[in-house]
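First up is the structure itself, then whatever we jot down about it.
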Amino acid sequence: MNQSVLPLVQSLVEKMLTARDTRIQRQILIKEEEIRTVLRVVREVFMSQPMLLEIRPPVRVCGDTHGQYYDLLRIYEKCGFPPYSNYLFLGDYVDRGKHSIETIMLQFCYKIIYPENFFLLRGNHECASINKMYGFFDDVKRRYNIKLFKTFTDVFNTMPVCCVISERIICMHGGLSPDLTSVGAVLDIDRPCDVPDRGILCDLLWADPEDDVQGFLESDRGVSYLFGEDIVNDFLDMVDMDLIVRAHQVMERGYGFFASRQLVTVFSAPNYCGEFDNDAAVMTIDDKLQCSVGFSSFAGSTKLTCTIARQRFLFFLYLHAIKKKKYVRCYTSLFVLSASAVVSSSRLELDLFSPLFSPLTQLYRNAKQITQRARLEVAVKGSPHFIHFFFPLGSFVSRYSSVNYFNASECGVSETSSLAGPQRTAFLYIYSIRCESSGLGESGAGVIEMC
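Counting from 1, one number per residue, gives the positions in the sequence shown under the UniProt record's numbering.
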């Protein structure tokens with residue numbers, strides 16, 4: 001990239017950001033020659049990077065913005081302007097909203113200035129035939145000319161369509177394709193290219209997940225497919241990844257889960273088109289691949305809603321036996337220990353005993369039982385918690401390193417209790433799963449939900 005254009009691009013960004021200081025959502029005057037310079041340079045940047053991006057966290061992931069320029073500025077105000085935060089946008093920057101030109105120009109400018117920290121994927125609305133139906137073509141024709149629209153189209157045809165984050169999370173605008181037999185197949189898509197009526201590129205931009213579908217079913221959009229939970233499971237197993245992040249559909253709270261939280265939809269245009277009373281969401285992925293979703297209303301308030309993680313966890317189930325006259329009541333406490341836990345010192349001897357486990361037959365049948373005593377204390381450090389677990393780890397981890405699956409739904413939600421006490425009956429499981437945790441104090445008291 002020619003570094004001489006950076007001062008022009010930076011001055012254009014400064015001019016565009018002055019709009020946030022006004023209450024009137026006005027159009028911003030951008031000269032045609034400025035636009036042409038930005039389009040020429042950003043095209044070079046896109047072509048210098050692959051169709052399949054591979055990036056590292058931390059990164060904030062945003063969905064559709066659809067010409068809602070002032071809401072885009074609100075996202076930056078809440079989450080940090082580049083380069084304070086790294087960003088991955090999942091497409092659909094233009095059409096429908098009143099400020100498509102401003103929206104796409106600011107994004108292209110940031111891509112030029114921060115090419116290795118700011119990433120833009122193509123959406124189904126970065127396409128000439130769609131632009132002619134939903135407003136962007138008319139906007140450019142009215143404010144400039146048709147030739148400039150064709151230049152925008154040429155840039156859209158060079159944009160990447162897929163992104164992998166730390167080899168564990170895959171992102172695209174739309175969804176999966178029956179032709180996508182490997183992630184590397186995305187690299188075989190030639191550029192520049194228009195969006196075809198079928199095939200991998202079409203499906204990556206157009207496909208949708210659907211609850212009541214198995215396999216692939218023709219979409220009621222008239223293009224691409226609907227796909228079911230089984231397709232998500234099979235795809236993630238095939239590519240050895242944990243999570244799909246996509247956009248393309250309006251979500252009431254700005255985000256939505258599918259396939260037991262193996263897929264999340266993020267939508268970042270609040271009060272969409274002035275017709276939907278929806279929030280906007282931004283997903284934050286930290287350097288440990290912990291994913292959190294923040295959402296805001298049209299007024300700009302922000303809430304933190306959940307934490308998603310998938311890695312190999314050690315599940316430790318305590319069984320407490322209390323003798324009550326003629327019967328024995330069993331209480332269960334389920335603790336989650338990440339693979340990064342540190343064995344700190346010898347502390348507690350656990351007497352491991354199996355008969356109390358009989359009420360949980362599904363777990364018992366598939367479990368790995370620890371049959372020896374262990375004297376190890378494990379400390380788990382994690383934001384914002386610091387929790388101590390007494391845990392039979394040591395050499396047992398290598399002995400039971402193979403994943404042994406069990407039905408997580410059998411556990412549901414387990415209320416944890418204090419760890420004080422001389423003995424606990426315990427089983428150890430090693431399982432790759434997602435979990436959502438909340439309210440865990442230093443003593444370990446709180447709730448752990450298994451998803």
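The beta carbon of each residue, even a glycine, is placed where N, CA and C say it ideally should be.
Task: Presumed contact (8 Å Cβ cut-off) between Ala247 and Ser224, rounded CB distance - done: That pair is no contact at about 14 Å.
- [ ] Taking Glu54 as part of the beta strand (DSSP E), name the residues at either end of that continuous run.
- [x] 52 to 55
Open item on the list: Between Leu180, Cys109, Lys147, which has its C-alpha nearest Val45's C-alpha?
Closed with: Cys109
Open item on the list: What does the alpha-carbon distance come out to for the pair Thr153 and Glu54?
Closed with: 25 Å
Open item on the list: Quick check on this structure: which residue in Arg43, Gln49, Asp95 has the alpha carbon closest to the alpha carbon of Asp64?
Closed with: Asp95
Open item on the list: Rounded to the nearest angstrom, what separates Pro127 and Pro192 at their Cα positions?
Closed with: Position check: residue 127 holds Cys in this sequence, whereas Pro was assumed. Looking at the two C-alpha atoms, the distance is approximately 12 Å.
Open item on the list: Please state the DSSP three-state secondary structure of Val195.
Closed with: coil
- [ ] In the DSSP assignment, find the unbroken beta strand (DSSP E) run with Val61 in it and report its ends.
- [x] 59 to 62
Open item on the list: Between Arg168 and Leu263, how many whole angstroms is the CB-CB distance? I'm expecting something under 8 Å.
Closed with: Incorrect: roughly 14 Å between the Cβ atoms, too far for contact.
Task: Cα-Cα separation, Val42 to Val155 - done: 8 Å
Task: According to DSSP, residues forming a beta bridge with Cys162 - done: Leu52
Open item on the list: Looking at residue 469: is its Cβ nearer than 9 Å to the Cβ of Val239?
Closed with: Because residue 469 is not part of the residues shown, which for the chain are 1 to 451, the question remains open.
Open item on the list: Quick check on DSSP: helix, strand or coil for Pro392?
Closed with: Per-residue confidence for Pro392 stands at a pLDDT of 33, beneath the threshold of 50, marking its modelled position as unreliable; no derived number is given.
TODO: Report yes if the CB atom of Val61 is closer than 9 Å to the CB atom of Val282, and no otherwise.
DONE: yes
Task: For Ile24, the three-state DSSP class (helix, strand or coil) - done: coil
Task: For Val45, three-class secondary structure by DSSP - done: helix
Task: Spatial distance of Ser100 from Pro57 (CA atoms) - done: 28 Å
Open item on the list: Three or more C-beta pairs under 8 Å: does that hold for the region 138 to 152 against the region 71 to 89?
Closed with: no
TODO: Assign Thr18 to buried or exposed, taking buried as 16 or more other Cβ atoms, counted over all protein chains shown, within 10 Å of its Cβ.
DONE: exposed
Task: Residues sharing a beta bridge with Tyr225, DSSP - done: Glu218
Task: 9 Å Cβ cutoff met for Val9 and Ile104 - done: no
- [ ] List the residues that DSSP assigns as beta-bridge partners of Ile244.
- [x] Ile170, Leu263
Task: Selected residue, minimal CA-CA separation from Leu236, among Asp287, Asn117, Gln107, Cys171 - done: Cys171
Task: Tyr144: first and last residue of the uninterrupted beta strand (DSSP E) it sits in - done: Looking at the DSSP string, Tyr144 is not in any beta strand (DSSP E), and its letter there is neither H nor E.
Task: Tyr272 versus Asp71: straight-line alpha-carbon distance, rounded - done: 10 Å
Open item on the list: Within a Cβ cutoff of 6 Å, which residues of the same chain sit near Arg36, ignoring the five residues on either side of it in sequence?
Closed with: none
Open item on the list: Classify Ser11: buried if its beta carbon has 16 or more other beta carbons within 10 angstroms, exposed otherwise.
Closed with: exposed
- [ ] May I ask you to check if the CB of Arg221 is nearer than 8 Å to at least one heavy atom of the ligand SAH?
- [x] Ligands in the displayed structure: none, and consequently the ligand SAH is not present.
Task: Leu204 vs Leu187 beta-carbon contact at 9 Å - done: no
Task: Beta-ladder partner(s) of Gly256, from DSSP - done: Thr265
- [ ] Could you tell me the distance, in whole angstroms, from the CA atom of Val13 to the CA atom of Cys291?
- [x] 30 Å
TODO: Would you decide whether Ser177 is buried or exposed? Buried here means 16 or more other CB atoms lie within 10 Å of its CB.
DONE: buried
Open item on the list: Would Phe136 and Gly228 qualify as a contact pair, given that the criterion is a beta-carbon distance under 9 Å?
Closed with: no
TODO: Kindly indicate which residue of Met51, Ile75, Pro115, Leu52 has the alpha-carbon position closest to the one of Leu6.
DONE: Pro115
Task: Of the listed residues Val195, Asp197, Cys162, nearest to Leu88 (C-alpha basis) - done: Cys162
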